Ligand SMILES: [Zn+2]
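Residue numbers (the working numbering): -3 to 491.
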């Protein structure tokens, strides 16, 4: 039987502002869409945190036995500098400044995004579609919305008619805004815009002559509005109605609100059952921003090359640091905070290494393993509460150290449950990697191999095959391993 049948999972739904018992549309299957990066610059640590939150969610669903189709897109066109459909396309602007093709910008930063996420041990999504790969689908949606009378064309551009839509639907239901407030709080149009109302948003924009990224459409040579790509790609791969849509908190409005409006205009039903929003990462209590220099890149963490850091930190320590906060809370990054996480991480990994060497000799266990195991699940079932899960993991760490110090005992059966449960939550669900263990086993393998060669060389010398014994010594020296013959036998050093 699949685990999810026994584990009641509650998820905080941004649409209802409540934790709700999660029930997928089709039992055993989950469709999840997460807004991916706009690939016009290096992914920064705040972006990593958002995607990591959903990587953890994806990992837990998989562990529970769900078959998950996880779609995370790449925005490679249509995202303008300003959310109010103004300014240059972010990718086209970067291409202009760097004097390269827009698709070179896209390639460069898509590769950077993947490399960075690999370092943090992310699982790849099931599908990673691009906006430019779905222009036809986007044009089809615009035609549908025009047919429903909820969009209008002006001078080759097409806009979504928010005011008309709001007469029959509820625009603003996700972000808790209503149209009256929006009208009150937005500046009036300056006469330059083709929009009927400032709240309307672009579905298609006619390209200016200098705009390179353009596609033909029934209305003009142009490009799709940013919000449209996510509606096109999510419905294409997950259907008109799917289980989960995620993204950063900053995307709730206008991006996700507009996605809901587009999908409801086409299909007359709410596209997503559960909306999940991950909170942001601040740096030294301030918003991260490139413009102010209050910013940190993942590579700077791994190398320590940023004056806000005391030393380098590994990807797993950084991941552990992020998992110590709930995904809906703001997390503040500082050198002091991540140093504390590093100590915690090392303690956890030491305990896992100790566990494998524990003596299992007694039939009794001074620790209620099965209730501890359920507490780990309870933490995750309560809206993916990773800080509580980590606190539970540390009760196991305490117990492991007690057994090591012979202050407690563990039975074979409990030892097996403890080992498998720790492996599940630490490595499969939190996605941490036991780096020290890898290093240790790596160097063990090296010394075992060199010992083997030392023995073969001793045999060769005993057989007076000096050509072979010298060859072993010289070729090891060539790769930086020196053999030293002493009276207690041969030892080796590496450089
Ligand atoms: Zn999106």
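Note that the Cβ used here is the ideal one computed from N, Cα and C, for glycine as well. Computed from a predicted model, the values in this text were never measured in an experiment.
{"Asked": "Three CB pairs or more closer than 8 angstroms across the region 129 to 147 and the region 86 to 106", "Found": "no"}
{"Asked": "CA-to-CA distance, residue 161 to residue 384, given in whole angstroms", "Found": "43 angstroms"}
{"Asked": "Meets three-Cβ-pair contact criterion under 8 angstroms: the region 320 to 329 and the region 365 to 378", "Found": "no"}
{"Asked": "The alpha helix (DSSP H) enclosing residue 311, as first and last residue numbers", "Found": "311 to 319"}
{"Asked": "C-beta atoms of residue 405 and residue 362 nearer than 9 angstroms", "Found": "yes"}
{"Asked": "Length of the line joining the Cα atoms of residue 224 and residue 127", "Found": "9 angstroms"}
{"Asked": "Buried/exposed call for residue 409, threshold 16 Cβ in 10 Å", "Found": "exposed"}
{"Asked": "Straight-line Cα distance separating residue 179 from residue 157", "Found": "14 angstroms"}
{"Asked": "Alpha helix (DSSP H) segments (min. 4 residues) lying fully within the region 194 to 273", "Found": "222 to 234, 253 to 263"}
{"Asked": "Whole-number beta carbon distance between residue 123 and residue 67, since they are thought to touch under 8 angstroms", "Found": "5 angstroms"}
{"Asked": "Residue 68: first and last residue of the uninterrupted beta strand (DSSP E) it sits in", "Found": "63 to 68"}
{"Asked": "Endpoints, beta strand (DSSP E) assigned at residue 478", "Found": "477 to 482"}
{"Asked": "beta-carbon residue 43 near ligand 1 non-hydrogen atom, thresh 8 angstroms", "Found": "no"}
{"Asked": "Outcome for residue 347 when other beta-carbon atoms lying within 10 angstroms are tallied against a minimum of 16", "Found": "buried"}
{"Asked": "CB-CB length for residue 217 against residue 203, believed under 8 angstroms", "Found": "6 angstroms"}
{"Asked": "Heavy atom of ligand 1 within 8 angstroms of residue 409 beta-carbon", "Found": "no"}
{"Asked": "Alpha carbon of residue 11 to alpha carbon of residue 86, nearest angstrom", "Found": "29 angstroms"}
{"Asked": "C-beta atoms of residue 6 and residue 239 nearer than 9 angstroms", "Found": "no"}
{"Asked": "Environment of ligand 1 in chain order, Cβ to heavy atom below 5 angstroms", "Found": "31, 226"}
{"Asked": "Residue -1 burial status per 10 Å Cβ neighbour count (16 or more: buried)", "Found": "exposed"}
{"Asked": "Residue 134 beta carbon less than 9 angstroms from that of residue 228", "Found": "yes"}
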